[in-house]
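In my numbering, the protein residues as written are 77 to 212.
Notes to accompany the following structure.
What follows is the structure in structure tokens.
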């Protein structure tokens, strides 16, 4: 699978319309890489786009017809303030908050999933299996 560098946003797997599309918002490149590898290990061939900031992700999503899920390494209030959750949901996707401190009830109350840090590939597998249209 080819990987392309994207200005100010990390990297992206080349976009294909016939595969699942994931967004990762994570400012730390090493953690972003771990998330991408876990997604690809679970979902197989997929389109994963990585952004260091939510505003860049928001702009890029304007051109995306659909999103399977977005892994957001952001505080709850920052997600709400950015409106990124609405963009993900409007495209049929699920918000997955990546956090070591957010209470699960706070994520669930918004209809989001929580990926607790530090995470494992098995934890990502479990979350992706819960997405609509996925086989557990």
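Glycine included, C-beta positions come from ideal geometry on N, C-alpha and C.
Query: According to the Cβ coordinates, are residue 95 and residue 111 closer than 8 Å?; Result: no
Query: If you draw a straight line from the C-alpha of residue 107 to the C-alpha of residue 149, how long is it?; Result: 10 Å
Query: Would you decide whether residue 123 is buried or exposed? Buried here means 16 or more other CB atoms lie within 10 Å of its CB.; Result: buried
Query: Please work out which residues of its chain come closer than 6 Å, Cβ to Cβ, to residue 200, disregarding the five sequence neighbours upstream and downstream, and give them in chain order.; Result: 114, 118
Query: So, for residue 142: in the same chain, excluding its five sequence neighbours on each side, which residues have a beta-carbon less than 8 Å away from its beta-carbon?; Result: 97, 167, 168, 169
Query: For residue 203, which residues of its own chain have a beta-carbon under 7 Å away from its beta-carbon, when the five flanking residues on both sides are left out?; Result: 172, 189, 191
Query: Go through its chain and collect everything with a Cβ distance to residue 131's Cβ below 8 Å, but skip five positions before and after it.; Result: 158
Query: Does the beta carbon of residue 125 come closer than 8 Å to any beta carbon on chain D?; Result: In the structure shown, chain D does not exist; there is a single protein chain.
Query: Compare the beta carbon distance of residue 175 and residue 134 with 8 Å and say whether it is the shorter of the two.; Result: no
Query: Measuring alpha carbon to alpha carbon, tell me which residue in 161, 193, 196 is nearest residue 187.; Result: 161
Query: Could you spell out the range, first to last residue, of the alpha helix (DSSP H) harbouring residue 116?; Result: 105-119
Query: In the structure shown, what three-state DSSP assignment does residue 175 receive?; Result: strand
Query: Are the CB atoms of residue 104 and residue 145 within a distance shorter than 8 Å?; Result: no
Query: Quick one: complete beta strand (DSSP E) runs, 3+ long, within the region 119-159?; Result: 123-127, 145-148
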